[in-house]
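Protein chains: 2
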Amino acid sequence: MRLVATGRAESRAELARLSGLAASSVSLRVEQLIDAGLFAEEGAGASRGGRRPRRLRLAREAGVFLVADLGAHHARLAAADLAGTPLAVADLDCDIAVGPERTLTAVVESLRALAREHGLHDVPVRGVGIGLPGPVDPATGQVVSPSRMPGWNDFPVRDFVTGHTGVPALVENDANLMAVGEHRGSWPSLDNVMVIKLGSGIGCGVIVAGRLHRGRGAAGDISHVRILSEASVDCSCGHPDCLEAHASGAALAASLAAQGVVVEHPSQIVDLVADGVPQATSAVRTAGRLIGDVLTALVNFFNPDALVIGGSLSNAEPLVATIRGVIYERCLPLATRNLEIATSRAGRDASVLGAGHLLLGMADDWIERVLER
Amino acid sequence: MRLVATGRAESRAELARLSGLAASSVSLRVEQLIDAGLFAEEGAGASRGGRRPRRLRLAREAGVFLVADLGAHHARLAAADLAGTPLAVADLDCDIAVGPERTLTAVVESLRALAREHGLHDVPVRGVGIGLPGPVDPATGQVVSPSRMPGWNDFPVRDFVTGHTGVPALVENDANLMAVGEHRGSWPSLDNVMVIKLGSGIGCGVIVAGRLHRGRGAAGDISHVRILSEASVDCSCGHPDCLEAHASGAALAASLAAQGVVVEHPSQIVDLVADGVPQATSAVRTAGRLIGDVLTALVNFFNPDALVIGGSLSNAEPLVATIRGVIYERCLPLATRNLEIATSRAGRDASVLGAGHLLLGMADDWIERVLER
DNA sequence: CCAACTTCCTTCGAAATCGAAGCCAAGTAG
DNA sequence: CTACTTGGCTTCGATTTCGAAGGAAGTTGG
Chain C
1 MRLVATGRAE SRAELARLSG LAASSVSLRV EQLIDAGLFA EEGAGASRGG
51 RRPRRLRLAR EAGVFLVADL GAHHARLAAA DLAGTPLAVA DLDCDIAVGP
101 ERTLTAVVES LRALAREHGL HDVPVRGVGI GLPGPVDPAT GQVVSPSRMP
151 GWNDFPVRDF VTGHTGVPAL VENDANLMAV GEHRGSWPSL DNVMVIKLGS
201 GIGCGVIVAG RLHRGRGAAG DISHVRILSE ASVDCSCGHP DCLEAHASGA
251 ALAASLAAQG VVVEHPSQIV DLVADGVPQA TSAVRTAGRL IGDVLTALVN
301 FFNPDALVIG GSLSNAEPLV ATIRGVIYER CLPLATRNLE IATSRAGRDA
351 SVLGAGHLLL GMADDWIERV LER
Chain L
1 MRLVATGRAE SRAELARLSG LAASSVSLRV EQLIDAGLFA EEGAGASRGG
51 RRPRRLRLAR EAGVFLVADL GAHHARLAAA DLAGTPLAVA DLDCDIAVGP
101 ERTLTAVVES LRALAREHGL HDVPVRGVGI GLPGPVDPAT GQVVSPSRMP
151 GWNDFPVRDF VTGHTGVPAL VENDANLMAV GEHRGSWPSL DNVMVIKLGS
201 GIGCGVIVAG RLHRGRGAAG DISHVRILSE ASVDCSCGHP DCLEAHASGA
251 ALAASLAAQG VVVEHPSQIV DLVADGVPQA TSAVRTAGRL IGDVLTALVN
301 FFNPDALVIG GSLSNAEPLV ATIRGVIYER CLPLATRNLE IATSRAGRDA
351 SVLGAGHLLL GMADDWIERV LER
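So the sequence lines, in the order shown, correspond to chains C and L. Residue numbering for the first sequence is 1 to 373, as defined by this note's numbering. Residue numbering for the second sequence is 1 to 373, as defined by this note's numbering.
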């Protein structure tokens, strides 16, 4: 089912090749899935020199996932099919600082409304995904010591959402969702990918051997590395000169404000850079150098196949160019020999795709239930 | 077979529990393995409240692995059982700079002699493992752009060794072997482990999700990260102020030599520190601070369960204490909350154990052949 | 147009795997 | 000492999976 959902297989024959199962076993199980209403047959595919395959796809009635990617003041909502492809999206203003109960209740309500408005009432909801701008304990689905989410510490987000919807819930850090989405959407054949999210904060998600690396829940933090800089700035974490305190969108906004240039959102910095405002360009280049320096050590250590730069600031070309330059200059040739450095391709829907992918990964339970019927 | 070799299972019942196979299937296959001479039954184990299990272990005649861990001027040789436990060890002086053919021929010959001398002539050799102090391409078993191994670049080490022995050969970076061995021997239940090898150079191996992370072959490099320091030193890699140029055993020896203290081998630095020679202690503390700074970023990023410090310098207590202090002070609390920082437990035999573990992992082919007979 | 491939998919007997039941050999409680 | 409990291991019929063979539906080249 996963092979069909990810688009890697479109026919029984491809399923057999990729899964390693015998063709006869594949046929049997595909038939079960069709009978259960999860798969649908859709015409014939292109011939590869012999009989044309009968194309398989997920049935529309197989189900949907509802996904919300929360930021500090904003949530991106989506209803997606089981492959993670968005069927309907919406934006919701909400202040995460009002606490988990109110925020999540509003989000779940809006997700339901979204699905209803787009004629999905007859399609069962198979899971809910929540992206949060803070560290999440994968075992419990709780937020742990978030810096900018008052009231959320140790709140059982997963249980709360499952309780209010009755379906499996996935709770994950926003950068991690983005990393899974980028990998699944744009680099599925690469094993090791690093995804940096440059927005008002600096986040990072890591794919190792094709799977999200969570560590003990804190993996992927790159924002509190000490950097070398002339001016000393204290970071919210209590240490001086963290990367985030110098190079995040929020830090850039503050430094621009000190020069008389007022910005409210990181995307406005991108606009200023595009307009050629010199203070903005210079600030962004400095940030790029700092971020690049930190990434140098991580690229040498982790030796990824690709480094993807996303988040709203990734549209500032000088920023990306500077990062790229620093990495190619300072890293070991062996580490950069085959390294792709690219900007996000999936864009804002990467997290939806990522959540869909992870939700499908925990779908074994309900799939089995559906098949038994 | 792997479960028995690693000591995780000692009876058919344990195999069934851990493998997920049905007890009846386990019994069948164990019988095959015993018939083929790979397993042996050995008395009864401790009762867990019912009938006592019949203990299983690898048969002596099942085979041995031959392992050589090469350094710049020295090789550690061992014959090990299929579990990686050393049955016989030896040391060999050899200069790696004479090139791969001569070095490997001598090593293979000495390994054969070692096995012969210890009465293992009747036991089949199932594989040969070679540890090298440079980057190895996992796909081809070749060394790639090693800095201190003249003549080895792109030499097909694996094919050469297989050609001269007729058995599967494993070629791997020395720090990687050590990492696998430490993980397998001392921290088998942890998923994510970082192992640092502090000797005349600085190496690092990474275990992610229980498996060795190789990246594109260069993963685990931490020695060419730029550090901040007053005195500028050029590194062999062409960049200034790499960690290795300041904090490796070789760098420490050079800096001590400049102060009139002559050392030839990193272990002598440990002796000097133990004797309380102030220049040595001070040098080692400075190195610890630099290494700790670099590790801080990596610990935040990778969020391991354990950080193991090995190599000959790991016996210098002030060095380890300084590293530990820097990490606990600078890392995110979330990253250090459950972090173990320990020194090597397996010591010099870690690489042997690691090679054995990896060789058993690629043993499917010959096991199948043995069973078919 | 036709024969000679290719590839896709299903059919059907063989082989592997499972799981319930039962036997075996210990510990344990009275 | 006996009866009961617990866990280890095997037996045997049911189920799943496999793989060779063959039919179906194409392409390719004369």
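Glycine included, C-beta positions come from ideal geometry on N, C-alpha and C.
Do you know whose CA, among the options, lies nearest residue i's CA?
i: Ile-196/C; options: Cys-235/C, Leu-319/C, Phe-65/C, Leu-92/C; result: Leu-319/C
i: His-213/C; options: His-121/C, Leu-228/C, Met-194/C; result: Met-194/C
i: Gly-163/L; options: Val-370/L, Thr-322/L, Glu-101/L; result: Glu-101/L
i: Gly-325/L; options: Ala-139/L, Asp-349/L, Leu-290/L, His-74/L; result: Leu-290/L
i: Leu-132/L; options: Val-308/L, Arg-345/L, His-74/L, Ala-40/L; result: His-74/L
i: Val-144/L; options: Asn-173/L, Ile-130/L, Ala-68/L; result: Asn-173/L
i: Val-206/L; options: Leu-92/L, Glu-41/L, Asp-305/L; result: Asp-305/L
i: Val-233/L; options: Leu-252/L, Ala-90/L, Thr-85/L; result: Leu-252/L
i: Glu-61/C; options: Ala-139/C, Asp-271/C, Phe-39/C; result: Phe-39/C
i: Gly-203/L; options: Phe-301/C, Asp-93/C, Pro-86/C; result: Phe-301/C
i: Ser-391/L; options: Ser-312/L, Val-370/L, Glu-317/L; result: Past the boundaries of the shown model lies residue 391/L; chain L is included only from 1 to 373, so the question cannot be answered.
Where do the ends of the beta strand (DSSP E) carrying residue i lie?
i: Gly-166/C; result: No beta strand (DSSP E) contains Gly-166/C, which DSSP labels as neither H nor E.
i: His-74/C; result: 74 to 81
i: Gly-356/C; result: Not the beta strand (DSSP E): Gly-356/C falls in the alpha helix (DSSP H), residues 350 to 361.
i: Ala-342/L; result: 340 to 343
i: Val-308/C; result: 306 to 310
i: Asp-275/C; result: Per DSSP, Asp-275/C belongs to no beta strand (DSSP E) and is neither H nor E.
i: Asp-69/L; result: 64 to 70
i: Arg-126/L; result: 125 to 132
For residue i, name the three-state secondary structure that DSSP assigns.
i: Glu-264/L; result: coil
i: Arg-226/L; result: strand
i: Val-206/L; result: strand
i: Leu-114/L; result: helix
i: Pro-86/C; result: strand
i: Met-194/C; result: strand
i: Gly-288/L; result: helix
i: Arg-102/C; result: helix
i: Arg-17/L; result: helix
i: Leu-120/L; result: coil
i: Arg-29/L; result: helix
i: Ala-22/C; result: coil
i: Ala-44/L; result: strand
i: Asn-303/L; result: coil
i: Gly-49/L; result: coil
i: Ala-219/L; result: coil
i: Ala-346/L; result: coil
Taking all protein chains shown into account, do 16 or more other C-beta atoms lie within 10 angstroms of the C-beta of residue i, making it buried, or fewer, making it exposed?
i: Asn-153/L; result: exposed
i: Pro-168/L; result: buried
i: Val-262/L; result: exposed
i: Asp-349/L; result: buried
i: Met-362/L; result: exposed
i: Asp-293/L; result: buried
i: Asp-241/C; result: buried
i: Ala-297/L; result: buried
i: Glu-14/C; result: buried
i: Pro-333/C; result: exposed
i: Arg-345/C; result: exposed
i: Glu-244/L; result: buried
What residue range is occupied by the uninterrupted alpha helix (DSSP H) comprising residue i?
i: Phe-155/L; result: First-last for Phe-155/L: undefined, no H or E at that position.
i: Glu-10/L; result: Unbroken run through Glu-10/L: none, as it is neither H nor E.
i: Ile-323/L; result: 317 to 330
i: Ala-245/C; result: 243 to 247
i: Ser-186/C; result: 174 to 186
i: Ile-367/L; result: 364 to 372
i: Ala-5/C; result: 2 to 5
i: Ala-335/L; result: 333 to 336
Residue i bridges to which residues according to DSSP?
i: Phe-39/C; result: Leu-58/C
i: Gln-142/L; result: Asp-137/L
i: Asp-91/L; result: Arg-76/L
i: Asp-234/C; result: Pro-240/C
i: Arg-211/C; result: Val-208/C
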